[in-house]
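As structure tokens, the structure follows; a few thoughts come after it.
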Amino acid sequence: MPGSRSTGSIRCRLQGGSMRRVPIVMRPLGGMGNRMFQYMFSHVLAGRIPGGYVCNADLPEWSIAKLRPPLVWRYRALRVEGYHRYDLDTIAAAFREKRARSILFKGFAQRLGYYDRMEVSGFFDERAVDAPTYGDEFLVIHVRAGDILDGSHRNYCPMPFAFFETLSRDSGRKPVFVGQVHDDNDYCRRLRQRFPDAAFAPKASPLTDFETLRRASHVVASVGSFAWLACWLSSARTIHLPVAGILDPAIRPDIDLLPPGDARYRFHKLDIGDWTASAEQLAAFYGDAIKFRQIELRQLAR
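Structure below.
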């Protein structure tokens, strides 16, 4: 998972050797969503540097070959490290001025300004993926639960049940829960008790869950890079995005994943704060004490 709010740092190691092509060596970190972002940003870097090409990608889910970098790639390597903010002009200048001959990228780069949606969509070909399609009568809801319920990361939080209930009721659509809904924990048990008439997608691989979200007509994202990417790349008519945790610019100004001018999106501000999974916080979740409201982007402090 992405870490602190530190901005990206760039260090240049000057050691001999020259090469015609410039390997962009990706250091894979985290789950599928994070690795997809890393792959996307590696391509952004490759596009800014003549001769750039991506190495060491770790995305077997998408049948992306893990190309090994050349043995000499570490010579005069520019280390692009940090979390989300990077100065692309400064990086490109290091190659124009011949101060570097390769890149080691170790970060997350979850900022909309780096990416073109149509270009990114071409990286991840969904045609070979067998996943269900839920049409206009359904509201497909992604659930993030198992790996965050202990409060180990304060910026990744589950969603209160009242949020799901309100969106389903107001839309008039049947809820379909997808993701970490089959785990044996209190959150999942209570979810099924709260929504006895809802549909629960079968337990599936992360790739199948991703494509289920991507193919939905109306979808609710969870807080995280996985669901965010699936929704952003989708052809959905409506995307409900919770503004909480890493998706709240007041909490994580280094991350920017709130698409301006995209008519598909409905933004919902949830008053969760830091997620600790304390008994009091869980009681508020289950007792419908968490406040939320639909907002416009201009209402948010960026």
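Residue numbers (my numbering): 145 to 446.
No residue lacks a Cβ here, since even glycine has one placed at the ideal position from N, Cα and C.
Return the residue from the list the options that minimises the CA-CA distance to residue i.
i, options, result
"Tyr-430", "Pro-346, Pro-386, Arg-338 and Phe-354", "Arg-338"
"Ser-349", "Leu-377, Phe-305 and Asp-274", "Asp-274"
"Asp-392", "Gly-266, Ile-416, Ala-371 and Gly-405", "Ile-416"
"Gln-182", "Ala-190, Pro-172 and Gly-191", "Pro-172"
"Ser-378", "Arg-333, Phe-344, Ile-247 and Val-264", "Val-264"
"Arg-220", "Pro-204, Pro-403 and Lys-242", "Lys-242"
"Arg-223", "Arg-317, Arg-255, Gly-323 and Gly-251", "Gly-251"
"Glu-205", "Asn-178, Gly-191 and Arg-396", "Asn-178"
"Arg-334", "Leu-351, Met-176 and Phe-308", "Phe-308"
"Lys-318", "Val-325, Arg-298, Ala-343 and His-297", "Ala-343"
"Gln-324", "His-286, Pro-403 and Tyr-300", "His-286"
"Phe-461", "Phe-370, Ile-193 and Phe-268", "Because the chain is modelled from 145 through 446, residue 461 falls outside the range shown and cannot be assessed."
"Gly-226", "Arg-442, Val-188, Pro-276 and Gln-254", "Gln-254"
"Ser-422", "Phe-411, Ile-292, Pro-346 and Gly-405", "Ile-292"
"Phe-267", "His-187, Ile-395, Leu-256 and Arg-359", "His-187"
"Phe-185", "Gly-405, Gly-257 and Arg-288", "Gly-257"
"Gly-174", "Ala-201, Gly-191 and Asp-418", "Ala-201"
"Tyr-418", "Leu-401, Arg-396, Leu-402 and Asp-400", "Reading off the sequence shown, one finds Asp at residue 418, where the question assumed Tyr. If we check each option's Cα against that of Asp-418, Arg-396 comes out closest."
"Ala-244", "Leu-402, Ala-209, Arg-165 and Ala-272", "Arg-165"
"Tyr-259", "Tyr-331, Leu-189, Tyr-197 and Leu-215", "Leu-189"
"Leu-203", "Leu-351, Ala-272, Ala-289 and Ala-345", "Leu-351"
"Ala-272", "His-297, Ser-207, Tyr-331 and Gly-290", "Ser-207"
"Cys-332", "Val-320, Arg-410, His-297 and Ala-289", "Ala-289"
"Arg-261", "Pro-403, Phe-321 and Arg-336", "Pro-403"
Spatial neighbours of residue i within its chain, please: C-beta separation below 7 Å, excluding the five flanking residues on both sides.
i, result
"Met-303", "Ser-366 and Pro-386"
"Trp-217", "Pro-167, Val-169 and Ser-246"
"Lys-413", "Val-387, Phe-436, Arg-437 and Ile-439"
"Glu-270", "Glu-355 and Arg-358"
"Lys-347", "His-326"
"Leu-401", "Gln-254, Leu-256, Trp-372 and Leu-391"
Count the other CB atoms, across all protein chains shown, that sit within 10 Å of the CB of residue i; report buried if there are 16 or more and exposed otherwise.
i, result
"Glu-440", "exposed"
"Asn-329", "exposed"
"Ala-407", "exposed"
"Leu-248", "buried"
"Asp-398", "buried"
"Glu-424", "exposed"
"Ser-148", "Confidence at Ser-148 is low in this model, with a pLDDT of 38, below 50, so the placement of that residue is unreliable and no value is reported for it."
"Ala-229", "Just to set this straight, residue 229 is Arg in the shown sequence, not Ala. Classification of Arg-229: buried, given that the 10 Å Cβ count is 16 or more."
"Gly-368", "buried"
"Gly-152", "At Gly-152 the pLDDT is 43, less than 50, meaning the model places this residue with poor confidence; the figure from the coordinates comes in the next sentence. Gly-152 comes out buried."
"Asp-341", "exposed"
"Gly-195", "exposed"
"Gln-443", "exposed"
"Leu-215", "exposed"
"Ala-209", "exposed"
"Ala-394", "exposed"
Looking only at its chain, what residues have a beta carbon closer than 6 Å to the beta carbon of residue i, apart from the 5 residues adjacent to it on each side?
i, result
"Cys-199", "Pro-167, Val-169, Leu-211 and Pro-213"
"Thr-420", "Gly-295"
"Val-448", "A question about residue 448 goes unanswered here, because the residues of the chain that appear run from 145 up to 446."
"Asp-432", "Ala-306"
"Gly-279", "Ser-361"
"Gly-389", "Asn-299, Tyr-300, Cys-301 and Val-367"
"Ala-428", "Ile-434"
Which residues mark the beginning and the end of the alpha helix (DSSP H) in which residue i is found?
i, result
"Cys-375", "369–376"
"Pro-286", "The displayed chain sequence assigns His, not Pro, to residue 286. Segment 282–287 is the beta strand (DSSP E) holding His-286; no alpha helix (DSSP H) there."
"Arg-179", "176–192"
"Glu-309", "305–315"
"Glu-355", "350–358"
"Phe-339", "Where Phe-339 is concerned, there is no enclosing alpha helix (DSSP H), given that its DSSP letter is neither H nor E."
"Val-264", "261–267"
"Tyr-430", "423–430"
Using a beta-carbon distance below 8 Å, is residue i in contact with chain D?
i, result
"Tyr-278", "The structure shown contains no chain D, having only a single protein chain."
State the start and end residues of the unbroken beta strand (DSSP E) segment that holds residue i.
i, result
"His-384", "382–387"
"Ala-273", "The sequence as given places Val at residue 273; Ala does not occur at that position. No beta strand (DSSP E) holds Val-273; DSSP gives it neither H nor E."
"Phe-249", "246–250"
"Tyr-197", "196–199"
"Leu-414", "409–414"
"Leu-222", "221–225"
"Val-325", "That residue, Val-325, is in no beta strand (DSSP E); it is neither H nor E in DSSP."
"Gln-438", "436–439"
"Ile-168", "166–170"
"His-362", "362–364"
In chain order, what residues of the same chain have a beta carbon less than 8 Å from the beta carbon of residue i, not counting five sequence neighbours either side?
i, result
"Met-176", "Leu-203, Glu-205, Pro-350, Leu-351, Phe-354 and Phe-370"
"Leu-447", "Because the chain here runs from 145 to 446, residue 447 falls outside it and cannot be looked at."
"Ala-282", "One point to set straight first is that residue 282 is Phe, not Ala, in the sequence displayed. Closer than 8 Å at the Cβ level, and outside the excluded window around Phe-282, lie Arg-317, Lys-318, Pro-319, Val-320, Ala-343, Ala-360, Ser-361 and His-362."
Between the region 307–326 and the region 225–234, are three or more C-beta pairs nearer than 8 Å? no
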